[in-house]
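Here the structure is laid out as structure tokens; the discussion comes afterwards.
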Ligand code: KIV
Ligand code: ZN
């Protein structure tokens, strides 16, 4: 009988802690809601002890989602476990995830603990966590570089003290599929009590083998896989959720396993994450890359036209890619628009629907054909649209060869009670516009990355812009979309400024 594989999503913990991937509270909640729609089994919402902000996001996610288990990471120390429990205890299904390193390198140089001390700490801390919560996961950090029989002893100790899931991380992305398979078989053969718990794996992608190693672990007996949307994570990332889910679905004949993930939510999850962090998957990235379903060569196109299966092992529909045909036009009313949102499985509250409808109308005036992808673009941003201090009101730009560019920008704040118009010059229109926004808001963030991409084909396509920006150690990503890329750029920049203002005020209030 086919085996069920639990999907443990760590986008909001391992993913979020990697450079350029930080999210604010509201964004984490939006992402958590989307992960619930995606139907993952476990959401690792963060590392509660790491900061007051992390604690608050774990707790809020625990309050918000109801179907998945919500986990917080904790080192094997009481303070971490206390904080983790405080943050997840409101969840319908809480989990405490305790970890301790087990490789000789980590024990000697990082922990400065002997193997016996490690065993003892595992026993004490798993037992301590078990006082609070039934669902305890233990991870043996750097498991794949640990001595095999010592690892068995650690795992057995964790099980004997109440762990219900045992995770075997390939922390530094060092292992290979063959080695991972052997390790899982070894644990299954040597550990007392292994049949009563779920064995899990958590692979990093340093050698590009994270997904292959996760699948090998499944063949070796793992029943939970830890992964992230778009494969984001420390260094080269974690195993990509969408690749694991689609590999299991497409090659059931090999793995005889399935997940409960709703694969038609994959595209939307990937897009939402991209719009939040501003980091696009590589175009050739499996499953969610821009080219993943593109057939460029004539031979391939011809084959696909005759029979899709010639060059397509999964379909765009499998992962929920919206079609790119005209679905609405400038005469479509609110009812048709809402019906389309329903068809796309997008739920918005009244205020968000009003805002999205207005944006749709404005877009339909400029663009003859409004496709599902356009709607996704409007609404994707709308879902995480940060209702910040500054609102964009007006702009005019001018640019000419050799003389450079001028931008005039008006921003409003205090609900429209205050406003300012300012003109600025620059080498190009974007520089001039951003300069005007800096002067009005009194902020001058470092622009770390600026990205423009067309939503659909054609000259009238919307441009989606993301700006990664930073002040001191606060990193944010702003996003915007418009048929005018200067307007989209300003929207993205103001969105980023608003997030910075929010974070700066929040940190001021917390300290
Ligand atoms: O990579 C790793 O070892 C981890 C653990 C904390 C699970 O992220
Ligand atoms: Zn990790």
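Residue numbers (the working numbering): 1178 to 1688.
For each residue, glycine too, the CB sits at the ideal point set by N, CA and C.
Query: Taking residue 1386 and residue 1427 to be in contact with their CB atoms under 8 Å, please state how far apart those CB atoms are, rounded to whole angstroms.; Result: That belief does not hold up - the Cβ atoms of residue 1386 and residue 1427 are roughly 19 Å apart, past 8 Å.
Query: Hey, residue 1647 and residue 1623 are a contact pair by Cβ (cut 8 Å); roughly how many whole angstroms apart?; Result: 5 Å
Query: Please work out which residues of its chain come closer than 6 Å, Cβ to Cβ, to residue 1407, disregarding the five sequence neighbours upstream and downstream, and give them in chain order.; Result: 1447, 1450, 1458
Query: Quick check: does the Cβ of residue 1321 come within less than 7 Å of any heavy atom belonging to the ligand ZN?; Result: no
Query: Beta strand (DSSP E) containing residue 1416: first to last residue?; Result: Here residue 1416 belongs to no beta strand (DSSP E), and DSSP marks it neither H nor E.
Query: On a CA-only basis, which of 1681, 1599, 1334 is nearest residue 1343? Give me that one, please.; Result: 1334
Query: Exposed or buried, residue 1211, counting other C-beta atoms within 10 Å across all chains shown (16 or more means buried)?; Result: buried
Query: Would the C-beta of residue 1379 count as close to the ligand KIV, meaning under 7 Å from any of its heavy atoms?; Result: yes
Query: What's the gap between the Cα of residue 1361 and the Cα of residue 1397?; Result: 5 Å
Query: Thinking C-beta only, is residue 1581 closer than 8 Å to residue 1603?; Result: yes
Query: For residue 1463, which residues in the same chain have their Cβ closer than 7 Å to its Cβ, ignoring the five residues on either side in sequence?; Result: 1420, 1469
Query: Take residue 1357 as the anchor and find which of 1373, 1667, 1369, 1325 has the nearest alpha-carbon.; Result: 1325
Query: So which of 1248, 1229, 1338 has the shortest CA-CA distance to residue 1189?; Result: 1248
Query: Please name the residue, chosen from 1233, 1272, 1204, 1195, that lies closest to residue 1185 on a Cα-to-Cα basis.; Result: 1272
Query: Just checking residue 1415 against the ligand ZN - is the residue's beta carbon closer than 7 Å to any of the ligand's heavy atoms?; Result: yes
Query: Going by the C-beta, is residue 1701 closer than 7 Å to any heavy atom of the ligand KIV?; Result: Absent from the model: residue 1701. The displayed extent of the chain is 1178 to 1688, so no value can be given.
Query: Where does residue 1190 fall in DSSP's three states?; Result: helix
Query: What distance in whole Å lies between the Cβ atoms of residue 1552 and residue 1537, which are believed to be in contact at a cut-off of 8 Å?; Result: 7 Å
Query: Using CA coordinates, which residue listed in 1539, 1498, 1465, 1328 is at the minimum distance from residue 1510?; Result: 1539
Query: Considering only the beta carbon of each residue, do residue 1282 and residue 1253 sit closer than 8 Å?; Result: no
Query: Between which two residues does the beta strand (DSSP E) harbouring residue 1575 extend?; Result: 1568 to 1577
Query: Candidates 1445, 1686, 1416, 1208: which alpha carbon is nearest residue 1549's?; Result: 1445
Query: Thinking just about the alpha-carbon of each residue, which of 1636, 1367, 1518, 1351 is nearest to the one in residue 1383?; Result: 1351
Query: On a Cα-Cα basis, can you pick out the residue from 1636, 1656, 1616 that is closest to residue 1627?; Result: 1656
Query: Is the closest heavy atom of the ligand HEM to the C-beta of residue 1348 under 7 Å?; Result: The ligand content of the structure shown is limited to the ligand KIV and the ligand ZN, which means the ligand HEM is not among them.
Query: Quick check on residue 1670: buried or exposed, where buried means 16 or more other Cβ atoms within 10 Å of its Cβ?; Result: buried
Query: Can you name the start and end residues of the alpha helix (DSSP H) that residue 1542 belongs to?; Result: 1527 to 1543
Query: Between residue 1316 and the ligand KIV, is the CB less than 7 Å from at least one heavy atom?; Result: yes
Query: Quick check on the DSSP output: what are the complete alpha helix (DSSP H) runs of length 4 or more inside the region 1424 to 1460, in order along the chain?; Result: 1429 to 1432, 1443 to 1454
Query: Can you round the beta-carbon distance between residue 1251 and residue 1239 to whole angstroms, since I take them to be within the 8 Å contact cut?; Result: Not really, about 14 Å apart at Cβ, beyond 8 Å.
Query: DSSP three-state call for residue 1674: helix, strand or coil?; Result: helix
Query: When you compare only the Cα positions, how much space is there between residue 1257 and residue 1226?; Result: 6 Å
Query: Taking just the CA atoms, how far does residue 1224 sit from residue 1231?; Result: 6 Å
Query: Give the straight-line distance between the Cα atoms of residue 1269 and residue 1244, rounded to the nearest whole angstrom.; Result: 8 Å
Query: May I ask you to report which of helix, strand or coil DSSP gives residue 1505?; Result: strand
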